[in-house]
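*Asks:*
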Amino acid sequence: MEFREGIPGPAAIGRPVPGSPEPAAGRRGGQPGLGHHAAFAALGETSFANYVAATQPHLLPGRMFDAPRGPEGRPMTPEALGVPHGTTIVALQFAEGVVIAGDRRATAGNVIAQRDIEKIFITDSHSAVGIAGSAGIAIEMIRLYSVELEHYEKIEGVAMSLDGKANRLAGMIRGNLGAALQGFVVVPLFAGFDTEEPDPAKAGRIVTYDPTGGRYDEWLGYHAVGSGSVFAKSSMKKLHRTSADLQTTLRNALEALYDAADDDTATGGPDLVRKIYPVVVSITGAEGAVRRSEEEVAGIVDRIVADRAENPGG
Amino acid sequence: MTMPFYSSVDQLLRDRSELARKGISRGRSVVVMTFSGGVLFVAENHSTALNKVSEIYDRIGFAAVGRYNEFEGLRTAGIRLADSRGFSYDRRDVTSRWLANTYAQFIGAAFVEQQKPYEAEICLAEVGETSDGDQLYRITYDGSITDEPQYVVMGGTTEPISAKLKDVFDGGHDLGEALATALEGLQVPGSGPGNGTEARVLGEKALEVAVLDRSRPGRAFRRITGPVLRNLLPAANRGESADEPNVRGGDEAPAAGGALPENGTMGGTGKPPSLN
């Protein structure tokens, strides 16, 4: 090292000069001040979320979460804050893959916070996530999650395995536990297509979570989360078979959402006046994750509504 | 107390340049060029697993030559930086100009601070909405950054390739024509690692090809492999590659290979650089 120390000037860059005050953010430590050094130093790290946690922890959803306090010093509840909540998400496995769908309503207490919120997100070419719970944190979490999947794919050159994707999402929900304990719960529903599974009838997968990050694989072919999930699940139990084709499955998904909206005030039914229909995503081996077009969804919804006009119970 | 011996800054930097340039020039070449549908990357690469070309972000691609472990570190850092910026700002705020500048800062600092400079040269390419918006940046081992309007040639013996491309390049080419043009350059006599005077034929297995496709929404980067690549290649390139002379390419050269004796002469200044 003697050789290096013979060089004046530029060699001192990045080293604290003896006697001078330490810069607030030393660049060797990979601190935010000169953040790009951390990017070059993180050898072998393939997780974007871990990288963000190490370099910019303030960007993580739910991290260092301290709920605002009311006048008496107690933490305020999401209801008191008027935080919007997402409601019903359904996922159905079928012969060629999996379908995931969600209504468009967000509520804050007994008020409709938004009529056309989107709660289903395509997270990469073969997966999608629906969110129920505290909308703000959930949307931020899914944004991070999508980057996480893309980041891994770009660094490794191959997509993450389906179980890897399901576990990464579990980790993020666990990271939100502090906020969940204060009422800001996020409960996603994961749907994916396992491209390594040779049998397409088994390749569609549904994974559910609890607020502590517990991961549960659903092998019975359908699941729902959110306030209307009880009604949606009953509907799917009667209607859905995993041997169904895509068109039948799309209809079953929309029927289940209709039933949820029928009995749960927080779930929005199809808004025929404003032309707001549920978001439906199909994930198959042939097409990957595709959002079904509005015309297609509107067509199915119109038929369901016409049928219900004759027989309200479906 | 030991006294550090004196070496002029000028001498030091010259030695490092020499080392980096030699290391890079032992490698096989990469051509990055614009064409009507976006940006084309063509690398001569006999490895199927270790890539020289990569996706960075929606509209940004990366190509590198030199030592694999070094440019792989640069590549992953670029992906981290781009994803961080896109996550904390917006996807549209990730630009190749910003990233190229960050690379230049980092590589430039390493060149003056570190014992050994990067033996790597990289090209960042961004595809625009129209061909006027396409951008190519070349960043060399010392942090120099240049903005090239049409094409970038990096790696081994680049002069004959650049000279050839100067004659045959046309930004209005379609993908097939652009690929043929790039191959004309890469196969020009004297461009191979052995500096042979024969024109070579690079087959599918010796090539790594990718595009930034202007027409694709979102992530524009796409690798071209297998049957798709075979059908795009000129007829002469669809068979096996011609035999390579038995020389060590840059990818297999030892670290700081530029400091090793070559043809009986010492690298650089005639005395071995001190790497204590």
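Going down the list, the sequences are from chains A and B. Residue numbers for the first sequence follow my numbering, beginning at 28 and rising by one. Residue numbers for the second sequence follow my numbering, beginning at 4 and rising by one. All C-beta atoms in this analysis are idealised placements derived from N, C-alpha and C, irrespective of residue type, glycine included.
1) Quickly, what does DSSP pair Glu211 (chain B) with across the bridge? List them, please.
2) Grouping DSSP H, G and I as helix and E and B as strand, with all else coil, what is Phe65 (chain B)?
3) Could you say which of A:Ile233, A:Glu175, A:Val257 and A:Ala333 lies nearest to Pro215 (chain A) if we only look at CA atoms?
4) I'd like to know if Ile182 (chain A) contacts chain B, where contact means its C-beta is closer than 8 Å to some C-beta of that chain.
5) In chain A, what lies closer than 8 Å to Glu58 (chain B) by C-beta?
6) If we cut at 8 Å on Cβ distances, does Met269 (chain B) have a partner in chain A?
7) Extract the residue ranges of the alpha helix (DSSP H) inside the segment 219-290 of chain A, only unbroken runs of 4 or more that lie entirely within it.
8) Within 10 angstroms of its Cβ, does His267 (chain A) collect 16 or more other Cβ (buried), or is it exposed?
9) Whose CA, out of A:Val174, A:Gly97 and A:Leu108, lies closest to the CA of Asp93 (chain B)?
10) Tell me the residue span of the alpha helix (DSSP H) that contains Ile142 (chain B).
11) Could you check what DSSP says for Glu99 (chain A) in three-state terms: helix, strand or coil?
12) In chain order, what residues of the segment 64-85 of chain A put their CB closer than 9 Å to some CB of chain B?
13) I'd like to know if Glu321 (chain A) contacts chain B, where contact means its C-beta is closer than 8 Å to some C-beta of that chain.
14) Can you look up Arg31 (chain A) in the DSSP assignment and give me helix, strand or coil?
15) Tell me whether Asp145 (chain B) counts as near the ligand MG, meaning its Cβ is closer than 7 Å to at least one heavy atom of that ligand.
16) May I have the straight-line CA-CA distance separating Asp237 (chain A) from Ile164 (chain A), to the nearest angstrom?
17) Give the DSSP-derived three-state secondary structure of Pro230 (chain B) in the structure shown.
18) In chain A, which residues lie with their C-beta within 7 Å of the C-beta of Thr79 (chain B)?
19) Name the DSSP bridge partner or partners of Gln141 (chain A)?
20) Would you give the residue range spanned by the alpha helix (DSSP H) that Leu84 (chain B) belongs to?
21) Check whether the segment 134-151 of chain B and the segment 94-108 of chain A are in contact - that is, three or more C-beta pairs closer than 8 Å.
22) Starting from His178 (chain A), find everything on chain B with Cβ-Cβ shorter than 7 Å and list it in chain order.
23) Using the rule of at least 16 other Cβ atoms within 10 Å of the residue's Cβ for burial, across every protein chain shown, is Asn240 (chain B) buried or exposed?
24) Terminal residues of the continuous alpha helix (DSSP H) containing Gly191 (chain A)?
25) Are Ile149 (chain A) and Ala316 (chain A) closer than 8 Å when you measure CB to CB?
26) Are Phe220 (chain A) and Gly129 (chain A) close, meaning C-beta to C-beta below 8 Å?
27) Where does Ser283 (chain B) sit, in a helix, a strand or coil, going by DSSP?
28) For Lys208 (chain B), is the classification buried or exposed, using 16 other Cβ atoms within 10 angstroms of its Cβ as the cut-off for buried?
29) Just the Cα atoms here: how many angstroms apart are Ile127 (chain A) and Ser154 (chain A)?
30) Are the C-beta of Asn104 (chain B) and some C-beta of chain A separated by less than 8 Å?
31) Exposed or buried, what is Tyr2 (chain B) when buried is set at 16 or more other beta-carbons lying within 10 Å of its beta-carbon?
32) Quick one: Cα of Asn194 (chain A) to Cα of Phe38 (chain B), how far?
33) In the DSSP output, what is Ile310 (chain A) paired with across the bridge?
34) Output the distance between the C-alpha atoms of Gly41 (chain B) and Ala202 (chain B), rounded to the nearest integer angstrom.
35) Please name the residue or residues paired with Ala155 (chain A) in a DSSP beta bridge.
36) Tell me, which residues are paired with Gly160 (chain A) by DSSP?
*Replies:* In short:
1) B:Ala46
2) strand
3) A:Ile233
4) yes
5) Lys181
6) At Met269 (chain B), the pLDDT of 40 sits below 50, so the modelled position is not reliable; the number obtained from the coordinates is stated separately. With 8 Å as the cut-off, Met269 (chain B) does not count as an interface residue toward chain A.
7) 227-230, 256-266 and 273-290
8) buried
9) A:Val174
10) Run containing Ile142 (chain B): none in the alpha helix (DSSP H); it sits in the beta strand (DSSP E), Gln138 to Ile142.
11) coil
12) His64, Ala65, Ala66, Phe67, Ala68, Ala69, Leu70, Gly71, Glu72, Thr73, Phe75, Tyr78, Val79, Thr82 and Gln83
13) no
14) Because the pLDDT of Arg31 (chain A) is 31, which lies under 50, any placement of that residue in the model is unreliable, and the number read from its coordinates should be weighed accordingly. DSSP places Arg31 (chain A) in helix when its eight states are reduced to three.
15) As presented, the structure is devoid of all ligands, the ligand MG included, so that no description of it is given.
16) 15 Å
17) helix
18) Ile182
19) A:Ala133
20) Tyr71 to Ser91
21) no
22) Ile82 and Asp86
23) buried
24) Leu189 to Gly202
25) yes
26) no
27) Examination of residue 283 (chain B) is not possible in this model, given that chain B is present from 4 through 279 alone.
28) exposed
29) 10 Å
30) no
31) In the structure as shown, chain B starts at 4 and stops at 279, and residue 2 (chain B) therefore has no counterpart that could be examined.
32) 42 Å
33) A:Val125 and A:Ala316
34) 28 Å
35) A:Ile149 and A:Ala218
36) A:Gly113 and A:Val213
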